[in-house]
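Q: Pasting a structure below so you can have a look.
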Amino acid sequence: LRAVQSGHNVFFTGSAGTGKSFLLRRLLGMLPPEATAVTASTGVAACHLAGTTLHSFAGIGSGDAPLEQCIGLARRKGVLQNWRKIQHLIIDEISMVDGRFFQKLEAVARAVRNNDKPFGGIQLILCGDFLQLPPVSRTNDAVFAFQTEAWNNSIHMNIELTQVRRQNDNAFIDVLQEIRQGRCSEETTSVLRCTASHQLSRDGILATRLCTHREDVVHINSQHLANLPGEKKVFSAVDTDTAYTKQLDTQTPVLAQLVLKVGAQVMLMKNLAVSEGLVNGARGVVKSFSANGAPMVRFACGVLREVGQERWSVRAAGGITITRRQLPLKLAWAFSIHKSQGMTLELVEMSLSRVFEAGQAYVALSRARNLAGLRVLDFTSSCIKANPAVLKFYRSLNLSNDNGTR
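Quick note: the sequence shown uses the working numbering, first residue 28, plus one each step.
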């Protein structure tokens, strides 16, 4: 916090579950909101911080256009005003920002702010773990933000959060730290293979299956829902402007349409009552529908609750705010690994045979709170991958940590 208050450009990192998002929310409380842009590489991460995607804030589209064209896009009235009024730029999940976009963003910032300092003099607060999910690249040649000249010119303070808060099982923490580094000993292999026999269910709530591919998620959820007896109930979102429905689909954690039945496995997508255990990622099962048609959900924490509509707001191009009202629920027989990033799951199973990215198996495994709530169906050490360039980057960092001992 002192580093940010002192005006430094800072990169906060740490393994899964060390409280990076919690720290960002603390920082948001002390920065002036009118001079702070809160962004993330993904819509869901941005929504958790009540911010916007980095692409939406930047106003330069995909960033693939030539620099002069991108500068022209950023000089449009609403976009230019945003660029010029901010003094602090927060970017969460920086590991998923393509380095070429980051580099172009830095040049655009200098041009539109008429300031030759890195990023036009804006203070950067970056957060993420490059050993988790990498940038999405259509051409399979992803560049990390830390591999750019813009990063080297801007980021001179790196702080590592070291205390794992999601898990309290030291043996499991050791397993996860090893896998994060792309290593997998015989002991770790044995521990994870033993989880295949775990019977995971609690009061009718089944483990969520984490999948590497989105089409598998859709198929599993659709199939299970179709197999349930009874009538379907359709819940349609209410959007402030239907022209932005697709943007709201990607930038909020809920869909335009949700179909439920009694017996549907669901996941809560928003904190409703933290003290009762009704938090983002909490699992439940639909037990009935109330007189007004709302689902009655029995959650794993034991609470039976009628779940009504909640609201999500995101910033669209030009600085306008768009809103979606929808039930804070999603079907949860299956979930994608990408969508699970940042979540804690009490009961989770996975097949890692189709892992295709470095860090993907680590993200999936680290969603579990403990080994007892984890089932890996087909573990093999070949699915454990860490990007060599990322490992080299972390070795090169002069890291301070959150308790000041390194």
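Note that CB positions come from ideal geometry on N, CA and C, so glycine has one too.
Indicate the three-state DSSP secondary structure (helix, strand or coil) for G56 in the structure shown.
A: Along the sequence shown, read from residue 1 onward, the residue named residue 56 stands at position 29. DSSP places G56 in helix when its eight states are reduced to three.
Q: Can you give the beta carbon distance from R351 to A264, rounded, assuming they're within the 8 Å contact cut?
A: Within the sequence shown, the letter at position 324 stands for residue 351. Within the sequence shown, the letter at position 237 stands for residue 264. 5 Å between Cβ atoms; contact.
Q: So, with DSSP's three-state summary, where would you put S249?
A: Here residue 249 refers to the residue found at position 222 when the sequence shown is read from its first residue. The answer is helix: DSSP assigns S249 an H, G or I state.
Q: Let me know if K297 comes out buried or exposed under the rule of 16 or more other beta-carbons within 10 Å of its beta-carbon.
A: Position 270 of the sequence shown, counted from the start, is the residue given in the question as residue 297. Per the 10 Å Cβ criterion, buried.
Q: Take the Cβ of S33 as the centre, count every other Cβ of all protein chains shown within 10 Å, and call the residue buried at 16 or more, exposed below.
A: The sequence position of residue 33 within the sequence shown is 6, counting from 1. With fewer than 16 Cβ atoms within 10 Å of its Cβ, S33 is classed as exposed.
Q: Cα-Cα, which of T235, R338, S228, Q208 is closest to P280?
A: Counting from one through the sequence shown, the residue named residue 280 turns up at place 253. Nearest option by C-alpha distance: R338.
Q: Within 10 angstroms of the Cβ of S89, are there 16 or more other Cβ atoms? Answer buried if so, exposed if not.
A: Here residue 89 corresponds to residue number 62 of the sequence shown, with the count starting at 1. So S89 counts as exposed.
Q: With a Cβ-Cβ cutoff of 9 Å, do I463 and L116 count as a contact?
A: Any answer about residue 463 is impossible in this case: the structure gives the chain only from 28 up to 433.
Q: Is the beta carbon of E376 sitting closer than 9 Å to the one on P161?
A: To locate residue 376, count along the sequence shown from 1; it is residue 349. To locate residue 161, count along the sequence shown from 1; it is residue 134. The answer is no: Cβ separation not under 9 Å.
Q: Can you tell which of W178, S68, D91, A172 has the C-alpha that lies nearest to the C-alpha of S83?
A: By one-based count along the sequence shown, residue 83 stands at place 56. The residue with the shortest Cα to Cα distance from S83 is S68.
Q: Whole angstroms is fine: what's the gap from I186's alpha carbon to P60's?
A: The residue labelled residue 186 in the question sits at position 159 within the sequence shown. The residue labelled residue 60 in the question sits at position 33 within the sequence shown. If I take the Cα positions, the gap works out to 23 Å.
Q: Can you find a heavy atom of the ligand FMN that lies under 8 Å from the Cβ of R103?
A: Among the ligands in the structure shown, none appear at all, so the ligand FMN cannot be discussed.
Q: Please state if the CB of L398 and the CB of D201 are separated by a distance shorter than 9 Å.
A: In the sequence shown, counting from the first residue as 1, residue 201 sits at position 174. In the sequence shown, counting from the first residue as 1, residue 398 sits at position 371. No, the Cβ-Cβ distance between D201 and L398 is not below 9 Å.
Q: Just the C-alpha distance for L153 and E120, rounded to the nearest angstrom, thanks.
A: Against the sequence shown, residue 153 aligns to sequence position 126. Against the sequence shown, residue 120 aligns to sequence position 93. Each residue's Cα considered, the two are about 8 Å apart.
Q: Can you give the Cα-Cα distance for R381 and E214, rounded to whole angstroms?
A: For this step, residue 381 is matched to residue 354 along the sequence shown. For this step, residue 214 is matched to residue 187 along the sequence shown. Cα to Cα, the separation comes out at about 23 Å.
Q: DSSP three-state label for G329, please.
A: Looking up residue 329 in the sequence shown gives position 302. If DSSP states are grouped into helix, strand and coil, G329 belongs with coil.
Q: Of all Cβ atoms in chain B, is any one closer than 9 Å to the Cβ of G147?
A: The structure shown has no chain B; it contains just one protein chain.
Q: Whether or not the stretch 32 to 48 and the stretch 171 to 189 are in contact is what I'm after, with contact meaning three or more pairs of Cβ atoms, one per stretch, closer than 8 Å; do they touch?
A: Result yes; three or more Cβ-Cβ pairs closer than 8 Å.
Q: Buried or exposed, going by whether 16 or more other CB atoms sit within 10 Å of the CB of F49?
A: The count along the sequence shown starts at 1 and reaches residue 49 at position 22. Looking at its Cβ environment, which holds fewer than 16 other Cβ atoms inside 10 Å, F49 is exposed.
Q: Short of 6 Å in beta carbon distance, which residues of its chain neighbour A64, apart from the five on each side in sequence? Order them along the chain.
A: Counting from one through the sequence shown, the residue named residue 64 turns up at place 37. The residues are F84, I113, L116.
Q: Under 9 Å between the Cβ atoms of V324 and K314?
A: For the purposes of this step, residue 324 is identified with residue 297 of the sequence shown, where counting begins at 1. For the purposes of this step, residue 314 is identified with residue 287 of the sequence shown, where counting begins at 1. Yes, they are a contact pair.
Q: Within 10 angstroms of its Cβ, does V261 collect 16 or more other Cβ (buried), or is it exposed?
A: Counting from 1 along the sequence shown, the entry for residue 261 is found at position 234. Per the 10 Å Cβ criterion, exposed.
Q: Quick check: F129 and N414, are their CB atoms within less than 9 Å of each other?
A: Reading the sequence shown from its first residue, position 102 is the one you call residue 129. Reading the sequence shown from its first residue, position 387 is the one you call residue 414. Cβ distance not < 9 Å, so F129 and N414 don't count as in contact.
Q: Residues in the same chain with beta-carbon distance under 7 Å from H240, minus the five sequence neighbours each way, listed in chain order, please.
A: Your numbering for residue 240 matches position 213 in the sequence shown. If we look at H240 and ignore the five residues flanking it on each side, its Cβ neighbours are R381.
Q: Ignoring anything shorter than 4 residues or poking outside the stretch 148 to 224, list the alpha helix (DSSP H) runs there in chain order.
A: Those alpha helix (DSSP H) runs which fall completely within the stretch 148 to 224 and span 4+ residues are 176 to 181, 197 to 207, 213 to 221.
Q: List the DSSP bridge partners of R402.
A: Residue 402 sits at position 375 when you count from the first residue of the sequence shown. For R402, which the question treats as bridged, DSSP gives the partners E376.
Q: Count the other C-beta atoms from every protein chain shown that fall within 10 angstroms of the C-beta of T432, then say buried if there are 16 or more, exposed otherwise.
A: As a working note, residue 432 is residue 405 in the sequence shown. Interpretation of T432 is limited by its pLDDT of 32, a score under 50 that renders its predicted location unreliable; the figure taken from the coordinates is listed afterwards. Classification of T432: exposed, given that the 10 Å Cβ count is below 16.
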